[in-house]
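**Student:** So the sequences go chain by chain: U and A. My numbering puts the first residue of the first sequence at 1, with every later residue one more than the last. My numbering puts the first residue of the second sequence at 266, with every later residue one more than the last. Where a beta carbon is used, it is the ideal one built from N, C-alpha and C, also for glycine. Note that the coordinates shown come from a computational prediction; the quantities given were computed from them, not determined experimentally. Quick one: the structure is below, and I'll ask about it shortly.
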Amino acid sequence: MIALVRGELAKLLATRLPVATLLTALGCGLGFTALLALAGPGNSTPPLPGIETPEGVSLVVGMGGLLLFVPALIGTIAVTGEYRHRSIGTTFLTVPRRGRALVAKLVVFGGLGFAYGAVAAVGTAVALVGSAALRGVALGVPAGALVAMLAQLALAAAVYAVLGVAIGALARQQLVAVGIVLGYFYFLEHVLLLIPGVNVIHPFLPGGATAALTDFTFLSDAIGAQLPISMPVAISPIGGALVLLGYAAIAAVVAVAVPLRRDVR
Amino acid sequence: MNSHAIEVTGLSKRFGEVEAVRAASFRAEPGRVTGFLGPNGAGKSTTLAMVLGLSRPDAGTARIGGAAYRDLDDPTGTVGAVLDSTGAHPSMTGRGHLRAYAELGGHARRRVDDVALTTGITEYLDRRIRGYSTGMRRRLALATALLGEPSVLVLDEPSNGLDPAGIVWLREFLRAFAGRGGTVLLSSHVLTELQHSIDDLVLIDRGRVAWSGPLDEFTGAASSLESAFLAHTMEVHP
Chain U
1 MIALVRGELA
11 KLLATRLPVA
21 TLLTALGCGL
31 GFTALLALAG
41 PGNSTPPLPG
51 IETPEGVSLV
61 VGMGGLLLFV
71 PALIGTIAVT
81 GEYRHRSIGT
91 TFLTVPRRGR
101 ALVAKLVVFG
111 GLGFAYGAVA
121 AVGTAVALVG
131 SAALRGVALG
141 VPAGALVAML
151 AQLALAAAVY
161 AVLGVAIGAL
171 ARQQLVAVGI
181 VLGYFYFLEH
191 VLLLIPGVNV
201 IHPFLPGGAT
211 AALTDFTFLS
221 DAIGAQLPIS
231 MPVAISPIGG
241 ALVLLGYAAI
251 AAVVAVAVPL
261 RRDVR
Chain A
266 MNSHAIEVTG
276 LSKRFGEVEA
286 VRAASFRAEP
296 GRVTGFLGPN
306 GAGKSTTLAM
316 VLGLSRPDAG
326 TARIGGAAYR
336 DLDDPTGTVG
346 AVLDSTGAHP
356 SMTGRGHLRA
366 YAELGGHARR
376 RVDDVALTTG
386 ITEYLDRRIR
396 GYSTGMRRRL
406 ALATALLGEP
416 SVLVLDEPSN
426 GLDPAGIVWL
436 REFLRAFAGR
446 GGTVLLSSHV
456 LTELQHSIDD
466 LVLIDRGRVA
476 WSGPLDEFTG
486 AASSLESAFL
496 AHTMEVHP
């Protein structure tokens, strides 16, 4: 099994994906956060809490959570790329017990997702601390709490990468899979939040669980303030973590089990 | 080289209404090059995919040295295969690709340079596969198949995309491989291509094995391989 993980890692490292991933992470973490924090959330309409308040920090970090579709997309692109470039045959010939090949893939891409999350987290931290210093304010949360929040986000990135691998393994067609990832995380999940009655399931969807992880209630609060619909009650951060891990487990089982019997042509 | 026979027994596969392979049975023996000949759509690729465990048969078995491909202890160390589905990621270099699959198959890293030398791609090794010609990609696929020093080769239309020099090179390589005791099963839809490179012939037409045996027995009765081929494919489906 270790040899298989090393093999999948060698495959990943032979492409440009890891470098692209980490640069994206840095861009998302550092760039996006700096933009948000420096622009001054207080200047927006309606005004948002600034980073000198706990709510403001949670808001900025939670916004980073909205970019978690990126590791999902990376996992999806990597798996469907194997089908698109027809290297999946080479892989399954080398490891005919396909389940083992897919477990190795999940380990490697879970790791890449975590690396994305870690780089994005460090970037976010640097941007937050730097912006606070530039604006001459103290951050709204103690360092320990910020680190914990960001570590959770990094783990969530690993979970999203695993979800992406599973979606890719199921759909196989790259465009279809990418469409599913973007359509779901960018559109469908937010639409579900808007439907009264149906939105009670939102906290138990990946995006809702991630929001719970960072106590990020900005979206639902904003919608709740604007529209006469009741917003679902967010679950606790630990609940959110458990929900996310549950999704990762289901995704892993799907990603390993589905391609087992399928013909490669 | 201590090699294994490929034994296909009653292999069948159906895609919806189409019976792609119908109770196909044949053998490919060590020390011989076996040609798997048939017109386009005869079921060659489907059969080879089932031999290699990439596709599940509806009935029948395919064994290599007595075991199904997926049950081999060292699959890529036993069988090397080049199929349509054995592609490579275009953004990798040839070296990156070969290293990754050597690692995945548990083969020594020095094999990368060995197989590149054998297949004549050494000078292209550090270029991205995106820029490879079709012939170069075929050679890279063959190099990948050779990483584990297999004693059995299964090749689907291996000369597609090769230039005439490449075709001669491949023929000599396969002859030498079988000469050392290896088993070679290669498919083709081009009659003349097989004429000088194979010992045994398996003729497949519309999913059925129409004829199998030594090549000289096949051509013996007819004036040429072509007329024998036509006679046999007509016989099955008048």
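For Phe301 of chain A, is the classification buried or exposed, using 16 other Cβ atoms within 10 angstroms of its Cβ as the cut-off for buried?
**Tutor:** Classification of Phe301 of chain A: buried, given that the 10 Å Cβ count is 16 or more.
**Student:** Under 8 Å between the Cβ atoms of Ser350 of chain A and Gly7 of chain U?
**Tutor:** Cβ distance not < 8 Å, so Ser350 of chain A and Gly7 of chain U don't count as in contact.
**Student:** Let me make sure I understand the geometry here. Which of A:Asp338, A:Met266, A:Val273, A:Glu284 has the alpha-carbon closest to that of Arg471 of chain A?
**Tutor:** Of A:Asp338, A:Met266, A:Val273, A:Glu284, the residue nearest in Cα terms is A:Glu284.
**Student:** Got a sec: is the Cβ-Cβ distance from Ala365 of chain A to anything in chain U below 8 Å?
**Tutor:** At least one chain U Cβ lies under 8 Å of Ala365 of chain A.
**Student:** Anything in the stretch 380–408 of chain A with a Cβ closer than 7 Å to a Cβ of chain U? List those residues in chain order, please.
**Tutor:** Hits within the stretch: zero.
**Student:** Where do the ends of the alpha helix (DSSP H) carrying Val103 of chain U lie?
**Tutor:** First-last of the alpha helix (DSSP H) with Val103 of chain U: 98–135.
**Student:** Who are Glu272 of chain A's beta bridge partners in DSSP?
**Tutor:** Paired residues: A:Arg292, A:Arg328.
**Student:** Could you list which residues in chain A have their beta carbon closer than 8 Å to that of Thr24 of chain U, in chain order?
**Tutor:** Near Thr24 of chain U there are no residues of chain A at all, since even the closest Cβ is about 16 Å away, more than 8 Å.
**Student:** Within its chain, find whatever has a CB closer than 6 Å to the CB of Glu491 of chain A; leave out the 5 residues flanking it on each side and keep chain order.
**Tutor:** Result list for Glu491 of chain A: Leu456, in chain order.
**Student:** Can you name the residues of chain A whose CB is closer than 9 Å to the CB of Arg100 of chain U?
**Tutor:** In chain order: nothing, as chain A lies at least about 10 Å away.
**Student:** Give the secondary structure of Thr15 of chain U by DSSP, where H, G and I count as helix, E and B as strand, and everything else as coil.
**Tutor:** Coil.
**Student:** Any idea what DSSP makes of Glu52 of chain U, helix, strand or coil?
**Tutor:** Three-state DSSP puts Glu52 of chain U in coil, outside helix and strand.
**Student:** Can you list the residues of chain U that Thr341 of chain A reaches, using a CB-CB cut of under 7 Å?
**Tutor:** Result: Leu93, Thr94.
**Student:** Could you give the uninterrupted runs of the alpha helix (DSSP H) lying entirely in the stretch 297–382 of chain A, keeping only those of 4 residues or more?
**Tutor:** Within the stretch 297–382 of chain A, the complete alpha helix (DSSP H) runs of at least 4 residues are 309–316, 340–343, 359–370.
**Student:** So the candidates are U:Phe114, U:Ser131, U:Arg86; which of them puts its Cα closest to the Cα of Val264 of chain U?
**Tutor:** Answer by Cα proximity: U:Arg86.
**Student:** Within its chain, find whatever has a CB closer than 8 Å to the CB of Ala132 of chain U; leave out the 5 residues flanking it on each side and keep chain order.
**Tutor:** Around Ala132 of chain U: Ala37, Ile51, Glu52, Ala138, Leu139.
**Student:** Can you have a look at Asp421 of chain A and say buried or exposed, based on whether 16 or more other CB atoms are within 10 angstroms of its CB?
**Tutor:** Result: buried.
**Student:** In whole angstroms, what separates the C-alpha of Ala10 of chain U from that of Lys105 of chain U?
**Tutor:** About 11 Å.
**Student:** Who pairs with Pro479 of chain A in a beta bridge, going by DSSP?
**Tutor:** Bridge partners of Pro479 of chain A: A:Asp465.
**Student:** Of all the CB atoms in chain U, is at least one closer than 8 Å to the CB of Glu368 of chain A?
**Tutor:** Answer yes: the Cβ-Cβ gap between Glu368 of chain A and chain U drops below 8 Å somewhere.
**Student:** So, is Arg374 of chain A buried or exposed, given that buried needs 16 or more other C-beta atoms within 10 angstroms?
**Tutor:** With fewer than 16 other Cβ atoms within 10 Å, it is exposed.
**Student:** Anything in chain U within Cβ reach of Leu317 of chain A, meaning under 7 Å, just list it in chain order.
**Tutor:** Simply Leu93.
**Student:** Could you check the C-alpha separation between Pro108 of chain U and Pro415 of chain A for me, to the nearest Å?
**Tutor:** Here residue 108 of chain U is Val; the residue named in the question, Pro, does not match the sequence. Going from the Cα of Val108 of chain U to the Cα of Pro415 of chain A covers about 28 Å.
**Student:** How about Gly110 of chain U and Ala161 of chain U: are their beta carbons less than 8 Å apart?
**Tutor:** For Gly110 of chain U and Ala161 of chain U, yes; Cβs fall inside 8 Å.
**Student:** Could you give the DSSP three-state label for Arg471 of chain A: helix, strand or coil?
**Tutor:** Residue state, collapsed to three classes: coil.
**Student:** Relative to the C-alpha of Ala154 of chain U, which residue among U:Thr210, U:Leu205, U:Val95 is closest?
**Tutor:** Ranking U:Thr210, U:Leu205, U:Val95 by Cα distance to Ala154 of chain U puts U:Thr210 first.
**Student:** Please determine, among A:Val298, A:Gly308, A:Thr383, the residue with the shortest C-alpha to C-alpha distance to Ile469 of chain A.
**Tutor:** Selected option, being the one with the closest Cα: A:Gly308.
**Student:** Can you say whether Phe185 of chain U is buried or exposed, counting buried as having 16 or more other CB atoms within 10 angstroms of its CB?
**Tutor:** Buried: at least 16 other Cβ atoms inside 10 Å.
**Student:** Considering only residues of the same chain and omitting the five flanking positions on each side of Ala101 of chain U, which have a CB-CB separation below 7 Å?
**Tutor:** Hits under 7 Å: Leu4, Thr91, Phe92, Val95.
**Student:** Specify, as a first and last residue, the run of the beta strand (DSSP E) that Val419 of chain A falls within.
**Tutor:** Residues 417–421.
**Student:** Would DSSP call Val455 of chain A helix, strand or coil?
**Tutor:** If DSSP states are grouped into helix, strand and coil, Val455 of chain A belongs with coil.
**Student:** From the beta carbon of Gly89 of chain U, is the nearest beta carbon of chain A less than 8 Å away?
**Tutor:** Cβ-Cβ to chain A under 8 Å: yes for Gly89 of chain U.
**Student:** Taking all protein chains shown into account, decide if Leu495 of chain A is buried (16 or more other Cβ within 10 angstroms of its Cβ) or exposed.
**Tutor:** With fewer than 16 other Cβ atoms within 10 Å, it is exposed.
**Student:** In angstroms with no decimal places, state the Cα-to-Cα distance between Pro503 of chain A and Asp378 of chain A.
**Tutor:** For Pro503 of chain A, the pLDDT reaches just 43, beneath the cut-off of 50, and the residue's location in the model is therefore unreliable, although a value from the coordinates is still provided. Rounded to whole angstroms, Pro503 of chain A to Asp378 of chain A spans 52 Å at the Cα level.
**Student:** Classify Pro142 of chain U as buried or exposed, calling it buried when 16 or more other Cβ atoms lie within 10 Å of its own Cβ.
**Tutor:** The residue in question, Pro142 of chain U, is exposed, as its Cβ has fewer than 16 Cβ neighbours within 10 Å.
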